[in-house]
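Novice:
Numbering (the working numbering), first residue to last: 1009 to 1885.
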């Protein structure tokens, strides 16, 4: 029987998943009735993949095994295309699978439209050990049919969930064997361009395994791809026609690749020196010369402000025309976008005695526009106040670089003797339309669609376009306002809000008892005792009438050595009641779910009645450049504990805080670790941090290791090399030293892979107690844990074998706000680090202490940090 379909599987050391891949073919609906061949092409595997293939070849007559010397996936696919006998060729990687109705679907659909295109794509899914979920681009595959890329150019078929027509030899398109990555995207593009069409099948499914160390992972960091990314873009650009015009579809393929890398912070090669970086950008600029601004602005899946960022940075001759209806933006004399409305984003709207505090930013695109924006507040007495607009860290918009040009604001308005405030945004002096957007720390109950809130004697409401704050005295409550408030109460009965309603009712019952007390809550993270704990231990003995509780997880414990009656279980009804009625929420960690037992919905609903100060006793000194996480506009901390002048300058200059927001005292745990450091032991502590690429992070509370990614990382190989280095072991042994390894809790999950056969190396367990003052030397990379040892005047050094990868995106940040090497030498090569140990170990590293504690930290003049923190908190209103 003539073969209808050839399934081409390139195989290289795939024994762990190969059988599952082959079984997904055997389990196809109508498998027995489909004339197909399965080409299992072994690209020089050194595991037992060959045995699995031979077993299937014996069992199934249409499974065929071929072996070739290792030459890479592109050459392997080309080999398979040469021997394929089917009318169509389906590509399947050896660790992926296809869903059971796939073959039937793709063959039916391809036959239906075979005369119109040479390539078909079908639905794509991400597969992990836990689940199979649709890929982000699943909407592309929702409707079956033939798509002409001149009409629908934004399909972006870059993955191998495709079937191609087995063309005659002289018409075949081959995989580019020179490209080390994205060769499949280039191949798909060339296949589509052969007819300018692609067939879409709406059923079936390709399951792409995401929990492995894939080619994408291997070539994700700019350090590893070097010039490969630009090579790929240039290969796409070479497909331009004789007039130098690149099909919009191909332009979009470039943008698709740029977009996901940009969002994941693995686009720019920040590890390069200035000259090399500028050369890289120049090559990129030449690629953008092929890309129309109109294509950028229409690119799906790309954020609007990121589109504006790339237009602003890589296109020329941007012209802005302004009138009262907005701003028209033109590039190359073509209108690409019109800005007809600006958004007032409010991070915080909070009652402050007889005033209302407003913090937020004006959201709009392009410097040429935003540099000419002004902001005015006009009251009902025709008094006009011009609001100072400031730089805002919100400009790190959905990215780790500044993508936007928003303008920040912070001001207070009086509730007394004013009936109305109108917020006016002007561009080049012309009044513009506005809309508003509320974050959760606002007095208006956005989840209940309520624009009215009652506070004391006042009723405050808002309306949009223009944004107006209305202030009425409660006695003048109008029928309109009554209806709004009734609607608000009715909304509490909606099914989604029933739990919220119960909490609110219980609080109404208890609030008169609780309001008569001053309540402080102290929060750390689960299984961690940090600054909040040590502050609580100091405060709990003070007889000042304040009710204090330390938040625990799971159940109360005698092991904490604090009274059980002063412990409250996270998320309990009691915790929620105390939280709602607190005066101080004190937390060592910044994320909302770590200090709040109530949902964001309930938090917003109750916010106008909440009266606490949110105090951040940071668990480590902020030195990682993360304005998108720790800026004032993001955290909404009322007060932020700092330990040094260095931090103060950083938070004011780079994070938007005012000096009045900062508590200058030092971390409470410093009171505990500061002890007798004159009797250090012959011990070194090495504490490497975690890296994002080998951590699967569902949320801030659930991080698990991706072992294949970890074991293939330069970081892991360097750590294992270090703890098994014979020269280092001899140094330790000859000087009676030991090296303790304190792994980050995420890494400790798989402690066994960090093994050393030498007794001089000890991998610490989570329950091993560390006495910081014991160590003669502390070693880390970029962990803030280093400041505990600087506080102890312990010599420190930095071992950073993967620094270039760090600079180009292998963590949630890629630079530091201040250079840690001022505190101690930094090493990238293991050999250099061991030489440093060799020079210092004889005199217990005493000459290596570059930075004294009193040069960095605030002089507390003999006071404890906990005492100073308490005194300052007690004085806050």
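Ideal Cβ placement from N, Cα and C applies to all residues, glycine included. On a predicted model such as this, the values are computed, not experimentally measured, just so you know.
1) Heavy atom of the ligand NAD less than 6 Å from the Cβ of residue 1274, yes or no?
2) Can you list, in chain order, the residues of its chain whose CB lies under 7 Å from that of residue 1377, leaving out five sequence neighbours each side?
3) What residues are listed by DSSP as bridge partners for residue 1575?
4) Return the chain-ordered ranges of every beta strand (DSSP E) run that is complete within the segment 1077 to 1110 and spans a minimum of 3 residues.
5) If I measure Cβ to Cβ from residue 1590 and keep anything under 6 Å in the same chain, skipping five residues before and after, which residues do I get?
6) Just the C-alpha distance for residue 1394 and residue 1367, rounded to the nearest angstrom, thanks.
7) Am I right that residue 1417 and residue 1383 are in contact with their C-beta atoms under 8 Å? What's the rounded C-beta distance?
8) Which stretch, first to last residue, makes up the beta strand (DSSP E) that contains residue 1471?
9) Spatial neighbours of residue 1815 within its chain, please: C-beta separation below 6 Å, excluding the five flanking residues on both sides.
10) For residue 1616, does the three-state DSSP call read helix, strand or coil?
11) What residue range does the beta strand (DSSP E) around residue 1288 cover?
12) Across which residues does DSSP place residue 1354 in a beta bridge pair?
13) Drop a sphere of 10 angstroms on the beta-carbon of residue 1353, count the other beta-carbons inside from all chains shown, and report buried for 16 or more, exposed for fewer.
14) Given a cut-off of 7 Å on the beta-carbon distance, is the pair residue 1782 and residue 1847 in contact?
15) When you compare only the Cα positions, how much space is there between residue 1463 and residue 1387?
16) Taking residue 1681 as the reference, give the member of 1273, 1714, 1531, 1798 with the closest Cα.
17) Please state the DSSP three-state secondary structure of residue 1153.
18) Could you check the C-alpha separation between residue 1865 and residue 1438 for me, to the nearest Å?
19) With DSSP run on the structure shown, which of helix, strand or coil describes residue 1360?
20) Is the separation between the beta-carbon of residue 1015 and that of residue 1057 shorter than 7 Å?
21) Leaving aside the five residues before and after residue 1062 along the sequence, list all residues of the same chain whose C-beta is less than 7 Å from its C-beta, in chain order.
22) Counting pairs of Cβ atoms below 8 Å between the segment 1187 to 1194 and the segment 1110 to 1119, do you hit three or more?
23) With a cut-off of 8 Å, do at least 3 Cβ pairs link the segment 1196 to 1206 to the segment 1121 to 1137?
24) From the DSSP output, read off the bridge partner residues of residue 1393.
25) For the segment 1771 to 1789 against the segment 1837 to 1854, do three or more pairs of beta-carbon atoms, one drawn from each stretch, fall closer than 8 Å, so that the two count as touching?
26) Can we say the segment 1644 to 1659 touches the segment 1602 to 1611, given the rule of at least three CB pairs closer than 8 Å?
27) Would you be able to state if there are at least three C-beta pairs under 8 Å between the segment 1729 to 1738 and the segment 1823 to 1833?
28) Check whether the Cβ atoms of residue 1405 and residue 1313 sit closer than 7 Å, and answer yes or no.
29) Please state whether DSSP places residue 1640 in a helix, a strand or coil.
30) Please report the residue range of the beta strand (DSSP E) in which residue 1415 lies.
31) Say whether the segment 1799 to 1811 touches the segment 1661 to 1668, bearing in mind that this needs 3 or more beta-carbon pairs closer than 8 Å, one atom from each stretch.
32) Closest by CA to residue 1430, which one among 1482, 1448, 1390?
33) Go ahead and label residue 1626 buried or exposed: buried means 16 or more other beta carbons lie within 10 angstroms of its beta carbon, across all protein chains shown.
34) Using the three-state DSSP reduction, which class does residue 1334 fall into: helix, strand or coil?
35) How is residue 1274 classed by DSSP in three states: helix, strand or coil?
36) Kindly indicate which three-state DSSP category residue 1625 falls into: helix, strand or coil?
Specialist: For this structure:
1) Among the components modelled here there is no ligand, and therefore nothing to report on the ligand NAD.
2) Only 1328, 1335, 1347, 1435 meet the Cβ criterion.
3) Answer by DSSP bridge pairing, in chain order: 1558.
4) If we require 3 residues or more, the beta strand (DSSP E) runs fully inside the segment 1077 to 1110 come out as 1096 to 1099.
5) If we look at residue 1590 and ignore the five residues flanking it on each side, its Cβ neighbours are 1527, 1529, 1620.
6) Answer to the nearest angstrom: the Cα atoms are 15 Å apart.
7) Contact between residue 1417 and residue 1383 holds: CB atoms are separated by about 6 Å, below the 8 Å threshold.
8) Secondary structure note for residue 1471: its beta strand (DSSP E) is the uninterrupted segment 1466 to 1471.
9) Contacts found: 1278, 1279, 1822.
10) It is helical.
11) First-last for residue 1288: 1282 to 1296, but that is the alpha helix (DSSP H), not the beta strand (DSSP E).
12) Partner(s): 1368, 1446.
13) Taking every protein chain shown into account, the CB of residue 1353 has 16 or more other CB atoms within 10 angstroms, so this residue is buried.
14) The answer is no: Cβ separation not under 7 Å.
15) Taking the straight line joining both Cα atoms gives about 20 Å.
16) The residue with the shortest Cα to Cα distance from residue 1681 is 1798.
17) In the structure shown, residue 1153 adopts extended strand secondary structure according to DSSP, grouped into three states.
18) So the alpha carbons of these two residues sit roughly 50 Å apart.
19) Residue 1360 falls in the strand class under three-state DSSP.
20) No. Outside cutoff.
21) So the qualifying residues of the chain are 1073.
22) Under the Cβ criterion (8 Å, minimum of three pairs), the segment 1187 to 1194 does not count as touching the segment 1110 to 1119.
23) Segments in contact, yes.
24) 1385.
25) Under the three-pair Cβ rule at 8 Å, the segment 1771 to 1789 counts as touching the segment 1837 to 1854.
26) Contact fails: fewer than three Cβ-Cβ distances are below 8 Å.
27) Not touching, per the Cβ criterion.
28) For residue 1405 and residue 1313, yes; Cβs fall inside 7 Å.
29) Three-state result, residue 1640: helix.
30) Counting along the chain, residue 1415 sits inside the beta strand (DSSP E) bounded by residues 1415 to 1422.
31) The segment 1799 to 1811 and the segment 1661 to 1668 do not touch, with fewer than 3 CB-CB distances between them shorter than 8 Å.
32) Ranked by Cα distance from residue 1430, the first of 1482, 1448, 1390 is 1390.
33) Residue 1626 is classed as buried because its beta carbon has at least 16 other beta carbons within 10 Å across all chains shown.
34) Strand.
35) Three-state DSSP puts residue 1274 in coil, outside helix and strand.
36) DSSP, read as helix, strand or coil, puts residue 1625 in coil.
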